[in-house]
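What follows is a set of notes on a single structure, which appears directly below.
Numbering (our numbering), first residue to last: 147 to 640.
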């Protein structure tokens, strides 16, 4: 199929040429496990709708796409900037045919698509939709080295990014060419991986870019080259896998490891990052959900988090981060490391592929760690790190707050037993307008959906959520190349 794109503020006018018949718009984006209903942005189309995302069209047809995305997952078109994530804009007919796009503008353009005259092309739809397009009169390329670059309209320090990706390249090899599509915004934060690039948007104040960029960079290996066998692309319906703790979480571990070992990120920051992840597994959700279930339910749990998430669920990102640390420490005892896994599994891997390799190295409890309630990771971590639960046994009510609004109530806590609920607004404590204090007994005046209630809470003992972890000695030297690393989590309950 051929597409000609005429950008204008908030819209993309597109003229398409294919075969008379059905065109299909994806309903979600590879690498983002939420059904986004991308066809919702089609404002006009010369065709007949036959389902929510399928149209019958003539050989030549025109359509209009709304392009004002909050991040780099869809499309943005303004007076001085254009970004297109292709699955959010372009439909497909035959998955294996050639796809080309021509941009009707005179700005500098950056893309990983192959240039053929005026067109940007790929030999199949999978490659086509894995190739972002960025353009602006202010576009510039920041060269990291001969193989890595950042294309952006903004400025950033390349030093830390260069150090972290060099650490990864030492183990996995250097790509011919890799591009970071980067932009700052006050509207969103995050990244999405592609085969030989990634698209990243962060807010203006954000300075800790290295781990995010290292995470997306390692995805060019884990998820793009190596991918769970059951995570095949079907852009019209959800695909499920028990292995996102490996695909996403171990990727996060590698980003953390590369950032720490290289010194690209301050040790106090990487220490705190790990401590915060550990802290999540002190909550009730870790006693209820395994990493495998967290992975399989990502479409309905992780990507739809609510105020009860810590009670019901865990993050496969955080869990894979911890599991990666445990496995890496064990593998290094025999002269291998976390990267050795990738050198000993097929490109389309299963749980058994990973498990069999680890068993050949004397590690026989992967199934237990992946399929048991994930709180087991706290015990396993004690092989690697000293864990202290700084608030364990202290008086507490069992809530988190944002200002005077309750944002979380821990299951089984004193606040839970007293009947406090998320979204309650605390108006007064013991008949005085003041912040909530933890004491033996406290009476709270609460606004709940416009109704004023009095709630009496008797303090209990904190099970321990504020974590300090320390890695030291030979383990620290083998893993991190340093004498010790510690960190304290910022997560705490009132």
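Using N, Cα and C, we set each Cβ at its ideal position, and we do this for glycine too. This structure is a prediction, so every number in the text was calculated from the model and none was measured.
**Where residue 298 sits in the DSSP three-state scheme** = The answer is strand: DSSP assigns residue 298 an E or B state.
**Request:** Apply the 10 Å Cβ neighbour rule to residue 410 and answer buried if 16 or more other Cβ atoms are within range, or exposed otherwise.
**Result:** buried
**Request:** Mind checking who residue 587 pairs with in its DSSP beta bridge?
**Result:** 604
**For residue 479, the nearest candidate out of 215, 362, 621 and 158 (CA to CA)** = Per the Cα distances, 621.
**Bounding residues of the alpha helix (DSSP H) (the contiguous stretch that carries residue 500)** = 497-506
**Message:** Short of 6 Å in beta carbon distance, which residues of its chain neighbour residue 295, apart from the five on each side in sequence? Order them along the chain.
**Reply:** Beyond the five residues adjoining it in sequence on each side, residue 295 comes within less than 6 Å, by CB distance, of 287, 289 and 325 in the same chain, given in chain order.
**Asked** What's the gap between the Cα of residue 228 and the Cα of residue 422?
**Response** 36 Å
**Prompt:** How many angstroms separate the CA atom of residue 430 from the CA atom of residue 153?
**Reply:** 49 Å
**Item:** 8 Å Cβ cutoff met for residue 576 and residue 588
**Value:** Note that the C-beta distance between residue 576 and residue 588 is below 8 Å.
**Request:** Alpha carbon to alpha carbon, how far is residue 371 from residue 493? Give it in angstroms, no decimals.
**Result:** If you take the alpha carbons of residue 493 and residue 371, they lie about 6 Å apart.
**Request:** Specify, as a first and last residue, the run of the alpha helix (DSSP H) that residue 624 falls within.
**Result:** 619-626
**Collapsed DSSP secondary structure at residue 342 in the structure displayed** = Assigned with DSSP and collapsed to three states, residue 342 falls in coil, not helix or strand.
**Request:** Check whether the Cβ atoms of residue 189 and residue 250 lie closer than 8 Å to each other.
**Result:** Cβ atoms of residue 189 and residue 250: not closer than 8 Å.
**Request:** Keeping to the same chain, check which residues put their C-beta closer than 8 Å to that of residue 167; ignore five residues upstream and five downstream.
**Result:** Taken in chain order, the residues that qualify are 202, 203 and 239.
**Request:** Measure the beta-carbon distance from residue 538 to residue 609 and round it to whole angstroms, keeping in mind my assumption that it falls under 8 Å.
**Result:** 7 Å
**Request:** Taking only the alpha-carbon atoms, compute the straight-line gap between residue 487 and residue 355 and give it to the nearest angstrom.
**Result:** 27 Å
**Request:** Look up residue 293 in the DSSP assignment and say whether it is helix, strand or coil.
**Result:** Here residue 293 carries a coil assignment [DSSP, helix/strand/coil].
**Message:** I need the DSSP call for residue 567, collapsed to helix, strand or coil.
**Reply:** coil
**Item:** Contacting residues, own chain, Cβ-Cβ under 6 Å from residue 320 (five flanking each side not counted)
**Value:** 293
**Request:** Inspect the CB distances between the region 454-464 and the region 403-419 and report whether three or more fall short of 8 Å.
**Result:** no
**Prompt:** For residue 209, which option in 529, 183, 498 and 160 has the closest C-alpha, if you only look at C-alpha atoms?
**Reply:** 160
**Prompt:** Can you give the Cα-Cα distance for residue 378 and residue 280, rounded to whole angstroms?
**Reply:** 27 Å
**Prompt:** What residues in its chain sit with their C-beta under 7 Å from that of residue 226, if we drop five residues either side in the sequence?
**Reply:** 282, 283 and 284
**Item:** Proximity to residue 175 [Cα-Cα], best of 274, 308 and 149
**Value:** 274
**First and last residue of the uninterrupted beta strand (DSSP E) at residue 201** = Per DSSP, the unbroken beta strand (DSSP E) holding residue 201 starts and ends at 200-203.
**Asked** Is residue 278 buried or exposed, if buried means 16 or more other CB atoms sit within 10 Å of its CB?
**Response** buried
**Asked** What's the gap between the Cα of residue 580 and the Cα of residue 445?
**Response** Rounded to the nearest whole angstrom, the CA to CA distance from residue 580 to residue 445 is 40 Å.
**Message:** Nearest by alpha-carbon distance to residue 172: which of 509, 272 and 259 is it?
**Reply:** 272
**Span separating the alpha-carbon of residue 187 from that of residue 596** = 37 Å
**Request:** Check residue 216 in the structure and name its three-state DSSP category.
**Result:** Coil at residue 216, not helix or strand.
**Asked** Which term fits residue 412, buried or exposed, when burial requires 16 or more other beta carbons within 10 angstroms of its beta carbon?
**Response** With fewer than 16 Cβ atoms within 10 Å of its Cβ, residue 412 is classed as exposed.
**Prompt:** According to DSSP, what are the bridge partners of residue 260?
**Reply:** Paired residue(s): 267.
**Asked** What are the boundary residues of the beta strand (DSSP E) that includes residue 630?
**Response** It spans 630-634 - the beta strand (DSSP E) in which residue 630 sits, taken as one unbroken run.
**Message:** Tell me which residues share the same chain as residue 599 and place their Cβ nearer than 7 Å to its Cβ, disregarding the 5 neighbours each side in the sequence.
**Reply:** 592
**Request:** State the Cα-Cα distance for the pair residue 393 and residue 481, rounded to the nearest angstrom.
**Result:** 23 Å
**Enclosing alpha helix (DSSP H) for residue 234 [first to last residue]** = Careful: residue 234 lies outside any alpha helix (DSSP H) and carries neither H nor E.
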